[in-house]
Amino acid sequence: MPRKPKTIPGPSRLSIILARLKQEPRPVLPNLKSLRLTFAYRNDHFGARHFAKEDLPRIRYANPAIDIYVNKPLKTKEEKWKPEMVVELKNGTTHTLDMEGKWSSAIFHELMDLSAGPWWQRWKNEQAAAGLPATPPSPPPPQKKTGAAAVLP
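When we follow full-length UniProt numbering, the leftmost residue of the sequence shown carries the number 1, and every step to the right adds one.
Pasting the structure below:
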């Protein structure tokens, strides 16, 4: 018979992922038809890469019918091109958002302003009236282990 643990286990990895996907404000985008992102595979375009890692899964979870294409070509140091997001709305119009030098939260806000509709403006007004930011900050990265904990398994 296995020993009983002396501590209460924390939340499972799956429950943490689900909490992040369902985090408010849920990015419901009724006017959006498709997204096309183009950014460097590595060593450049950090805001765009963080947007793809942090916010695209939430957008996909809230809007399963949206077509999302991500193109991450290799980029050498000599090449100079900017990351971009092409947003196609259901009415047929397309908009190109420049993601050069922007934080992932700024990219998210631009996309929401463009395609979320009136509920996003209400959400921003409610949050501003309460003295809160429109979106909660991203969770901090895990701390690196130091001392003996870094060496031991």
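Yeah, the Cβ is synthetic: ideal placement off N, Cα and C, and Gly gets one too.
Note that this is a predicted model, so its numbers are computed, not measured.
Among the candidates the options, whose CA atom is the shortest distance from the CA of residue i?
| i | options | result |
| --- | --- | --- |
| Y61 | Y41, K72, N125, Q23 | Q23 |
| residue 187 | N71, I16, A116, A128 | Given that the chain is displayed from residue 1 to residue 153, the structure contains no residue 187 and the question cannot be resolved. |
| E88 | A19, T7, P30 | P30 |
| N43 | K80, W120, A130 | K80 |
| W103 | K124, K4, K53 | K53 |
| E101 | E110, H45, G131 | Residue 101 is actually Gly in this sequence, not Glu. Ranking the options by Cα distance to G101, first place goes to H45. |
| K90 | K6, A65, I59 | A65 |
Does the Cβ-Cβ distance between residue i and residue j come in under 8 Å?
| i | j | result |
| --- | --- | --- |
| Y41 | K77 | no |
| M112 | P27 | yes |
| Y69 | R122 | no |
| P118 | Q127 | no |
| F108 | D67 | no |
| P57 | L114 | no |
| V135 | P11 | Residue 135 is actually Thr in this sequence, not Val. Not in contact: T135 and P11 (Cβ atoms no closer than 8 Å). |
| T38 | N63 | no |
Quickly, what does DSSP pair residue i with across the bridge? List them, please.
| i | result |
| --- | --- |
| R36 | Y69, V86 |
Can residue i be considered in contact with the ligand MN, in the sense that its beta carbon sits closer than 7 Å to one or more heavy atoms?
| i | result |
| --- | --- |
| P25 | What this structure holds is no ligand at all, so the ligand MN is not there to describe. |
Quiz item: Is the stretch 66–86 close to the stretch 94–104, with three or more CB pairs under 8 Å?
Solution: Touching, per the Cβ criterion.
Practice problem: Report yes or no: do three or more beta-carbon pairs, one from the stretch 42–51 and one from the stretch 4–15, lie closer than 8 Å? | Solution: Contact between the stretch 42–51 and the stretch 4–15 is not established, with fewer than three Cβ pairs separated by less than 8 Å.
Practice problem: Quick one: which unbroken beta strand (DSSP E) runs of 3-plus residues sit fully inside the UniProt domain "Ribosomal protein/NADH dehydrogenase" (48–102)? Chain order, please. | Solution: Counting whole runs of 3 or more residues, the UniProt domain "Ribosomal protein/NADH dehydrogenase" (48–102) contains the beta strand (DSSP E) stretches 67–71, 84–89, 94–98.
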